[in-house]
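Enquirer:
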Amino acid sequence: MSPDPAEASEPAQEPERARRLSSARVLDVDPLLDDPKTRIVVCCGSGGVGKTTTAAALGLRAAERGRKVVVLTIDPARRLAQSMGIDSLDNVPRRVKGTEGDGELHAMMLDMKRTFDEVVEAHADPARAAAILANPFYQSLSAGFAGTQEYMAMEKLGQLRSRDEWDLIVVDTPPSRSALDFLDAPKRLGSFLDGRLIRLLTAPAKLGGRAGMAFLNVGMSMMTGTLGKLLGGQLLKDVQTFVAAMDTTFGGFRTRADATYKLLQAPGTAFLVVAAPERDALREAAYFVERLAAERMPLVGLVLNRVHGSGAGSLSAERALAAAENLEDPRIVDQGGGKAGLRNSPDTQGSSHPSAPETAAPAPEEGSPADTERSVDRLTAGLLRLHAERMRLLARERRTRDRFTARHPEVAMVEVPALPGDVHDLAGLRDIGDRLAARRPERTEHI
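In the working numbering, each residue's number is its place in the sequence shown (first place is 1) plus 39.
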């Protein structure tokens, strides 16, 4: 099989790549975390790139450098709690034990429905709040309406920031198809609350008195009859009850959403895009970078996670494969003591004696020195092939990274090497935090 032209040209591309990487901006998270003006760090990126681990590692590093930190994760997975030594996380910040230094680390996981309930309880009188919480349509809306999770993440962020209890809030964004859905959630909820159906359903309550009753009896009868067939009479009644009870709180939702959106644009907020060195992940990262710029959100850089490396980078994939093939089939090259006896050697050329027929070499006896040597050759050949695959992977990652860098040279970047296993404790998070510090001289890459 012929080699991949892109792979074959890799050595020639190294000087050009080195020039590009030397000019790329390097992200160092320590000045960001140490700056008391930095109050919110938002980690965003596509799913499965390590946002939760990155957020936890940043929170731990900031806390051990003296800040009082809370990490808010939207990911329902239990990885954050497990890595921090906590049995479970809920909607209340919990102190993480075992941290070093003078700071504090707290962690919490968003409970979407509980946060919605808290908003209702805080902005409605007790009787109305009880009616809303018991309403079947509200229970469905608070548990699964599109955009509710993202909106409630912003609600919780606004609550945490308004309490002014923590020096730094680190947010792990929702694991949705687009990690920037939380930016759109307030607009979607506002569109829902301002929609034509909601306005029609709230109109009778707003008119009041006989006019309202007349509207309800005449104008609404036709609409409710049609909607009743589509939605079911009981559901329509639940919706009308919910809308009537929530009418006075609709404006509060929009006001708080707008305030949190402005908070995300404020100088004290920093966005970090997290990605893996894969084509789809970096394509999504490029979209995040462009979207954040369009929304005037303060982006500080890109965390390129799970970057592979090799301690034998000078051995190319092509050379490793050639050596493996030579070990697997020694007849490819002459490994004997000389050329005497070969068919085309001067000693045999022109001789009247016919050449002896070629015979296959007998298989070495099991356990003999020749058999042991053959086993070592096979093992070495396998390792060389694994190395060749690793070098091809590294080449793909470099090309993908370089394309992103060429497209967005203004984005500072830090690379975090791939680890041999999952992070499951504070020591692992601390190690990730060290690797996020770009100036750490002893950083190594795992094979």
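Beta carbons: idealized from backbone N, C-alpha and C, even for Gly.
Quantities reported herein were computed from a predicted structural model and do not represent experimental measurements.
1) Label A309 either buried or exposed according to how many other C-beta atoms from any shown protein chain fall within 10 Å of its C-beta, with 16 as the threshold for buried.
2) I'd like the span of the beta strand (DSSP E) that includes A314, first residue to last.
3) Taking buried to mean at least 16 other C-beta atoms within 10 Å of its own C-beta, is H137 buried or exposed?
4) Would you kindly work out how many angstroms separate the C-alpha atoms of S122 and T112, rounded to a whole number?
5) Please classify G472: is it buried, with 16 or more other beta-carbons within 10 angstroms of its beta-carbon, or exposed?
6) Cutting at 7 Å between CB atoms, please list the residues of its own chain near L425, excluding the five before and the five after it.
7) From which residue to which residue does the beta strand (DSSP E) around N344 run?
8) What's the gap between the Cα of G86 and the Cα of N365?
9) With DSSP run on the structure shown, which of helix, strand or coil describes T112?
10) Nearest by alpha-carbon distance to R446: which of P175, R322, A363 is it?
11) At the level of alpha carbons, what is the spacing between A94 and R413?
12) By Cβ distance below 6 Å, which residues in the same chain neighbour V257 in space, the five residues on each side in sequence not counted?
13) Under three-state DSSP, which class holds I171?
14) With the cut-off set at 8 Å, would you say V450 and L341 are in Cβ contact?
15) Between V339 and V65, is the Cβ-Cβ spacing less than 8 Å?
16) From the DSSP output, in three-state form, read off V408 for me.
17) How would you call M262, buried or exposed, if buried means at least 16 neighbouring beta carbons within 10 angstroms?
18) For H162, report the span of its alpha helix (DSSP H) as first-last.
19) Mind checking V131: buried by the 16 CB within 10 Å criterion, or exposed?
20) Which same chain residues end up closer than 8 Å to G247 when comparing Cβ atoms and leaving out the 5 residues on each side of it in sequence?
21) For E436, collect the residues of the same chain with a Cβ closer than 7 Å to its Cβ; drop the 5 residues on either side in sequence, then sort them by chain order.
22) Is it right to say D211 is buried, meaning 16 or more other beta carbons lie within 10 angstroms of its own, or is it exposed?
23) Could you have a look at V131 and say whether DSSP puts it in helix, strand or coil?
24) Hey, how far is the Cα of A476 from the Cα of R469?
25) With a 10 Å radius around its C-beta and 16 neighbouring C-beta atoms as the bar for buried, classify E189 as buried or exposed.
26) Could you check whether A351 and A427 sit closer than 8 Å to each other, using their CB atoms as the reference points?
27) What does the alpha-carbon distance come out to for the pair V209 and M148?
28) Round the Cβ separation of V108 and H145 to the nearest angstrom and send it over; I've been treating them as touching at under 8 Å.
29) Starting from D470, trace the alpha helix (DSSP H) both ways and give me its first and last residue.
30) What is the residue span of the beta strand (DSSP E) that L144 lies within?
31) For R335, which residues from the same chain have a beta carbon less than 7 Å from its beta carbon, with the 5 sequence-adjacent residues on both sides left out?
32) Please identify the residue among A362, L354, A182, K76 whose C-alpha is closest to the C-alpha of R153.
33) Excluding the 5 residues preceding and the 5 following K76 in the sequence, name in chain order all residues of the same chain whose CB lies nearer than 6 Å to its CB.
34) Excluding sequence positions up to five away, which residues of its chain have a Cβ less than 6 Å from the Cβ of A96?
35) In the DSSP assignment, what residue or residues form a beta bridge with E454?
36) Does the segment 165-174 come within contact of the segment 199-208, defined as at least 3 CB pairs closer than 8 Å?
Expert: Per the coordinate set shown:
1) When all chains shown are included, A309 counts as buried.
2) 308-314
3) Sequence inspection shows Gly at residue 137; the His mentioned does not correspond to that position. Exposed, since its Cβ has fewer than 16 Cβ neighbours within 10 Å.
4) 13 Å
5) Result: buried.
6) In its chain, beyond the 5 residues on either side, no residue has a beta carbon closer than 7 Å to the beta carbon of L425.
7) 338-346
8) The alpha-carbon atoms of G86 and N365 are separated by roughly 43 Å.
9) strand
10) R322
11) 50 Å
12) Reliability of the predicted coordinates at V257 is poor, the pLDDT of 41 falling under 50, and no value is obtained from them.
13) helix
14) Remark: C-beta atoms of V450 and L341 approach each other more closely than 8 Å.
15) no
16) Checking the displayed sequence, the identity of residue 408 turns out to be Pro instead of Val. It is helical.
17) Low local confidence applies: a pLDDT of 41 at M262 is under 50, so the model's placement there is unreliable, with the coordinate-based value given in what follows. By the 10 Å Cβ count, M262 comes out exposed.
18) 151-162
19) Sixteen is the threshold: since fewer than 16 other Cβ atoms of the shown chains lie within 10 Å of the Cβ of V131, the residue is exposed.
20) In this prediction, G247 has a pLDDT of 48, which is less than 50 and means its spatial position is unreliable; nothing more can be read from the coordinates.
21) P316, V346, H347
22) buried
23) coil
24) 11 Å
25) With 16 or more other Cβ atoms from the protein chains shown falling within 10 Å of its own Cβ, E189 counts as buried.
26) No, Cβ-Cβ distance for A427 and A351 is not below 8 Å.
27) 12 Å
28) 7 Å
29) That run of the alpha helix (DSSP H) goes 465-475.
30) 143-148
31) Result list for R335: Q304, in chain order.
32) A182
33) G307
34) L468, I471, G472
35) L343
36) no
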